[in-house]
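So the structure is just underneath, and the comments pick up after that.
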Amino acid sequence: MFKELKNFLSFEKIKNLLFIFLGFCIFFVSNTNGMFWDNILFASKMGNHLYLNSILDWTIPDQFDPGHPPFLGFLLAISWKILGHKLWVAHLLMVPFTIGVFYQLFKFISYFIEDQKNQILAFLLIITDPTLSTQFVIVNPEVIIVFFFFLAINGILFNHKTTKFIGLLFLSIVSFRSMMLFGGLFLFDAFNKHFIEKKKLKIILNLKFLLFYLLSCLPGFVFVCWRLLTKGWLQTHPDSPWVGLWAFADLKTFLKNCFF
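The sequence shown begins at 90 in our numbering and counts up by one.
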């Protein structure tokens, strides 16, 4: 028993050190990578606007306002104020979230797989997927979203209310994408209790459960209300540079998007 506990603690220590080492290795090989695709907007444009004006004024000019909360831009502006207005600082900001993804992902895997060797193989299989691994070498909000998503879902699975609350709280404010994940986790939590833990929905959806989610969504709720009161719109308006992309897709376009 003592030997097994010692081996487990040694494995945990080595694993966490490797995650930290891997996170900084990614930083050192990618800290000169420029902003890419929509992260030019979410990171560079929004971050520079807050940096050059006020980090607390989240009113983004209509010319490049996508409607999303400027959460990443806010963190970048703070980092640039402290460490200097440099590209490597933006990549350094991503390091704790990258390490956090590794830790929370492995914890998620350990919930379903007991054998340590299989846990490692499953972890490697997931992080080497190009869809995910690409995000680790660029500055983007997706790594932040994935971290808080796994933090929240692990809080649900392992019944850790504090980590669950923190994960949900930040998912409600990172972006509209993370807000949708917040809604998905609410449904997952309810269905998990109903179908896996065999609890009745009437018992699950009690005041305490609903109040927990209501409090954790407050940042996002306040942001949405503030936007509607100050700008009158959430994501699009007649003068938006992306207004043409919001047109209704006919059947031909729908099928083309599905298969091509």
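Glycine included, each C-beta is placed from N, C-alpha and C at the ideal position. Keep in mind it's a predicted model, so treat the numbers as computed, not measured.
A contact between stretches requires three or more CB pairs, one per stretch, nearer than 8 Å, and the stretch 151–165 meets this requirement with the stretch 120–131.
A contact is defined here as three or more CB-CB pairs under 8 Å, and the stretch 168–180 meets this definition with respect to the stretch 106–123.
Here H174 carries a coil assignment [DSSP, helix/strand/coil]. The beta strand (DSSP E) runs lying completely inside the stretch 115–146 and spanning 3 residues or more number zero.
The Cβ atoms of L260 and L270 sit closer than 7 Å to each other.
DSSP places L296 in the helix class (H, G or I) of the three-state scheme.
Leaving aside the five residues that flank L318 on each side, none in its chain has a CB nearer than 8 Å to its CB. Proximity of the stretch 183–191 to the stretch 216–235 meets the contact definition, three or more beta-carbon pairs being nearer than 8 Å. Closest in alpha carbon position to C114, among I188, F265, M135, is I188. In the DSSP assignment, C314 falls within the alpha helix (DSSP H) that extends over 307–319. The beta carbon of F195 sits closer than 6 Å to those of F212, all from its chain and outside the five residues before and after it, given in chain order.
Scanning P219, L210, N207, S199 for the CA closest to the CA of F239 turns up S199. F259: member of the alpha helix (DSSP H) spanning 250–263, first to last residue. Contact between F108 and F191 is confirmed by a C-beta separation of about 4 Å, below the 8 Å threshold. Residue burial is scored here from C-beta neighbours: K253 has at least 16 other C-beta atoms within 10 angstroms and is therefore classed as buried. As the crow flies, the alpha-carbon of I144 is around 7 Å from that of I167. Listed in chain order, the non-local C-beta contacts of F125 below 7 Å within the same chain comprise I227, local neighbours out to five positions each way being set aside.
Nearest neighbour of I103 by Cα position, chosen from W169, I202, G136, I209, turns out to be I209.
Residue burial is scored here from C-beta neighbours: A241 has at least 16 other C-beta atoms within 10 angstroms and is therefore classed as buried. Apart from sequence neighbours up to five positions away, the residues of its chain that approach L274 with a beta-carbon distance below 6 Å are A241, ordered along the chain. Judged by DSSP in its simplified three-state form, L323 adopts coil rather than helix or strand. Shown here, V228 sits in coil according to DSSP, grouped into three states, outside any helix or strand.
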